[in-house]
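Residue numbers (full-length UniProt numbering), protein chains in the order written: chain A, 1 to 363; chain B, 1 to 363. Virtual Cβ for every residue (Gly too), placed ideally from N, Cα, C. Please read all numbers here as calculations on a predicted model, not as lab measurements. What follows is one structure encoded as C-alpha cells, with my remarks underneath.
There are 2 protein chains.
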Amino acid sequence: MGLVCSHGKEHGTHAPGALHHLKATPQTVHWGYFSPDLAPALTVKSGDLIMAEAITHHAGDAPELMFDEGVERIFREIDPTTRAPGVHIMTGPIYVEGAEPGDMLEVRYLQMTPRNNYGSNLAANWGHLYQEFGEKERVTIYELDPVANTAHALYAYDFPGKYLVPGTITNCPVCDRQPALPGITIPARPHLGTAGVAPAVNEPVSTIPPGLHGGNIDNWRIGAGATMYYKCQVAGGLFSIGDPHVSQGDGEISGTAIESSLNCLFQIVLRKDFDFPSPLLETPQNWIVHGFGEDLDAAMKNASMDMLHLLHEHQGLSKDDAYSLMSVATDFGVTQVVDGTLGVHARIERRLFPQKGTVTDIS
Amino acid sequence: MGLVCSHGKEHGTHAPGALHHLKATPQTVHWGYFSPDLAPALTVKSGDLIMAEAITHHAGDAPELMFDEGVERIFREIDPTTRAPGVHIMTGPIYVEGAEPGDMLEVRYLQMTPRNNYGSNLAANWGHLYQEFGEKERVTIYELDPVANTAHALYAYDFPGKYLVPGTITNCPVCDRQPALPGITIPARPHLGTAGVAPAVNEPVSTIPPGLHGGNIDNWRIGAGATMYYKCQVAGGLFSIGDPHVSQGDGEISGTAIESSLNCLFQIVLRKDFDFPSPLLETPQNWIVHGFGEDLDAAMKNASMDMLHLLHEHQGLSKDDAYSLMSVATDFGVTQVVDGTLGVHARIERRLFPQKGTVTDIS
C-alpha cells in the first residue's frame, strides 16, 4: 500500500455536493430525545453540505441576551412537559439517502460560529460538586469575542429553586446580578456537546447519556476541523445536532459548559467500507475513542478496549504492540462526570502513523 | 499589587547557589521506600543546583543495553529482599538546610538527559488490561533518539513467570526476541515518575502509592521546564528522585512507562511563604493539581477540591467563580490507573492569569 491508500484517496477527495440550510424551528427540532420515528427535517445525499442551527437549551438563563425571534419561538411553542426524557434541543433529524443500519456516517465539522455572542454556565444540581456547594445552583453568563476566540464572564446569579425544567426562562433582575471572574479571559473552544444518530429503539431515548449512537459525548474537541464517525442504527441514520458549547474543560464538572447557540457547517459522507463499535473522533492532531460507564473506572476500561480495537483491528498493530503503545503514548482524559453519563476518552497522535490518511484507512 | 508581585520577584530571581553532584550508588539510593530515618546522601542550601542520577528499576529487562558499571553495582549489591515495600530505586535523600515540617520545597527541574539510550515498557501484572491479556506479562524494549527526542521499539518478549521481584534481571535470549511496533516513532517526554519528600511516619513507606509527600505521581509533565512544590513533613525535607521515564501516556495503562535511567539537573528553593495541601505542578503552560484515591471517582473528587483550593485560596477567586472556571476551562486527565494508586490531575492554563508570576504568587 502506498503513502495514501485507496480509502483515503477516495473519500479524501469527496467533493461537496449540494448545500442545504436547516433552520431550527419548533418543527425541525426535537427536545430531550432521539427517536427513530421522527420524520426527517432534511434529506441529503452523501457528500452534501449542511448549514444547520444548533440552539442551546440554556438560552433562558439570560433571555435578554441569548433569545432572538427564532430561539424564542422554540422555547414558547414546545410544551415543557414534552421536553423529555433528556434536556437538549436537537436540530434534525437528517436522513442520509442510502444509509443502512451498520453503515457509518462520517461527519466533517467545518465551521461553528456563534449565533449570538453570549453563553451560560450553570453550576447544576447534577454537577460534580453540588453537595460541596451546599446544593446551590448558580448561573454565570459569559460574553464571547468571536474575533479573538475568547470569552469572559459578564455577571452571575444564584438560581432560584432547583433547575429541573429544560429551557427554564429566568429573568434575573438586574439588581441581583453580581460581577464574576473579573480580569479573566478564557480561550473559546466552540463545539457540539451532543450529536448523533437515532438509536434503533421503539421509544424516545434520552439525550443525556452518550452511547454507541453518539449523543451527549461532551468532548470539546468535536469542533470545526474535527471529523466524527457515527454508526447508523436505522435507515437514513437520522442524524441530529444540539447542545452547542463555546467552551468546556475536560470533565465539565459543574454539569454544563458555556452553553451558547452555534451555526454549524458540516459535510456528511456515507461510509460503507469500515466499521467501529463506538463514536470515533479525528482531529487534525489526534485519533480519539470514547468510553462510557456507570463510573469513571468502567468508562476507563471501555475507552481502553476501544483504543485497543482501533490500534489492532484498524491500524494493524498486534494486540501486544498496541497495549505497549497505549501505555507510553496514549493520553486518557476525563470527558464528563455527570451521574449516569461518565465518560473517558483516549487520544493518540496521528503523527505516529505517517503512512495513514484518515483513521479509517485500514492497514 | 503590580504586574509582578513581591513573592514572584523574590524567588523568580533566586540565583543558583552551589552545584552538587549526586551519583547513584548502593550507598546513595534507597530501593522501594521513603523513610524519615535515612541519613542524607547530600546536604544543600536553598537555591543550590543538584545534578543527580536517577536509575530505573527496570534496567534488568534488557541488561545488555541498560546496564553499566554503576547500575550493575546497585542491582548486584542491594539485597532483593530489602527492596520493599515498593519497587522504585530512589536517589537521595537530600537534606535542605533550614527546611522545617510545613515548609514547601520548590523543585525546578531544569534538564533530564538519558543515561543511556534504551528503555523498557512492561505490560505488568498490575496493568489495567492484565486480565484481558490472559495474565500475560510482556516486555517491549525501546531505543531513544536523544537528538530528535523520539523513541522506537527495538524488540519485545513475553516475560517468563510473574514479575514480582523489583529489579529482576532477565537475560532474554536473542532467539526469543520478536520485532515490535515496526515503523512507529513516538515522541519522548522525559520525566520523573516518582519524586518527593520523606513522610513523617516511623517506618519505611512504599514508593508505590502517591500522596501528599509526592511519590509515584506518574505525570509525564514533571519534566525539564516544570516546577514541583512538595510540602516538607520532616526537618530537611529529605527529598529523593527515582522512577525515571522517557515517555508515558496519561493513564500509564500497562502499569509502566518507557522506564529509562535519566540524569537530572534541578534547583531546590526553600519556600516558607506559602502552603498547598498536595503536590503542585507548574509547567510553562499550566498549573496542575493532583488527586489520588481508591478509584478514579475518588481521585477525581480530590483533584476537583484541590483545584478549587488553588483558585480560591491562592488565586483569589470566589468559590463560585472558581467552580465555573473549573467547568469551562480546566481539563481533567487520568494520570494512572494502577490498583491502589489511581490518580487524576487537573490542568488550568497560566495565560488566564496574566498578572501572576508563578502559581505561588498569592493574590
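Membership of Lys319/B in the alpha helix (DSSP H) is indicated by the continuous run 319 to 329. Chain order gives the chain B residues near Ile184/A as Leu317, Asp321, Leu325, Ala329, Leu352, Phe353, where near means a beta carbon separation below 9 Å.
Residues of the segment 117 to 130 of chain B that bring their beta carbon within less than 8 Å of a beta carbon in chain A comprise Asn121, Ala123, Gly127, His128, Leu129, in sequence order. About 7 Å separates the Cβ atoms of Gly98/B and Ser46/B, confirming a contact at the 8 Å cut-off. Per DSSP, the continuous beta strand (DSSP E) segment holding His245/B begins and ends at 237 to 247. Between Thr341/A and Pro209/A, the C-beta gap is smaller than 8 Å, which places the two residues in contact. When His245/B, Pro204/B, Ser206/B, Pro199/B are compared, the shortest CA-CA separation from Asn219/B is found for His245/B. Excluding its 5 nearest sequence neighbours in each direction, Pro204/B has C-beta neighbours in its own chain below 6 Å: Tyr33, Ser35, listed in chain order. Between the alpha carbons of Asn302/B and Phe332/B lies a gap of roughly 11 Å.
A direct Cα-Cα distance of roughly 20 Å separates Leu42/A from Thr56/A. Scanning chain B for C-beta atoms nearer than 8 Å to the C-beta of Gln248/A yields Ser327, Val328, reported in chain order.
For Ile258/B, the chain A residues whose C-beta falls within less than 7 Å of its own C-beta are Val328, listed in chain order. Listed by position along chain A, the residues whose Cβ is nearer than 7 Å to that of Met300/B are Leu296, Val334, Val337.
A distance of 8 Å or more separates the beta carbons of Trp126/A and Val334/A.
Excluding the 5 residues flanking it on each side, Asp275/A has same chain C-beta neighbours closer than 8 Å at Gly102, Met104, Lys231, in chain order. Per DSSP, reduced to three states, the secondary structure at Val201/A is coil, with no helix or strand assignment. Close to Arg138/B, with beta-carbon spacing below 9 Å, are these residues of chain A in chain order: Asp320, Tyr323, Ser324. Collapsing the DSSP output to three states places Ser206/B in a strand. Taken through DSSP and simplified to helix, strand or coil, Ile74/B comes out as helix. Straight-line spacing of the CA atoms in Asp321/A and Ile184/B works out to 10 Å. The continuous beta strand (DSSP E) containing Asp158/A extends over residues 150 to 158.
By the rule that beta-carbons nearer than 8 Å mark a contact, Phe67/B does not touch chain A.
For a cut-off of 8 Å, the C-beta gap from Ala62/B to Ile141/B is around 5 Å, short enough to register as a contact. Cα atoms of Gly223/B and Lys162/A: separation of roughly 45 Å, rounded to the nearest angstrom. Listed in chain order, the non-local C-beta contacts of Pro93/A below 7 Å within the same chain comprise Leu38, Pro40, Ala41, Ala198, Leu238, Phe239, Ser240, local neighbours out to five positions each way being set aside. The C-beta of Cys175/A has fewer than 16 other C-beta atoms within 10 Å across all chains shown, which makes the residue exposed. Within the same chain, Cβ atoms closer than 7 Å to the Cβ of Ala226/B are found at Tyr109, Leu281, Glu282, Thr283, the five residues on either side in sequence being excluded.
For Asp145/B, the three-state secondary structure derived from DSSP is strand. With its beta carbon at least 8 Å from every one in chain A, Ser278/B lies outside the interface. Using a 10 angstroms sphere on the CB of Gly134/A, the tally of other CB atoms stays under 16, which defines it as exposed. Interface residue (Cβ-Cβ distance to chain A less than 8 Å): Leu181/B is classified as such. With its beta carbon at least 8 Å from every one in chain B, Gly193/A lies outside the interface. With respect to chain A, the C-beta atom of Glu252/B has a partner C-beta closer than 8 Å. Beta bridge pairing from DSSP links Cys264/A with Ala52/A, Met112/A.
Looking at the DSSP output, Ala195/B sits in a beta bridge with Gly215/B, Ile241/B. For Ser318/A, the CB contacts under 8 Å within the same chain, skipping 5 residues up- and downstream, are His312 in chain order.
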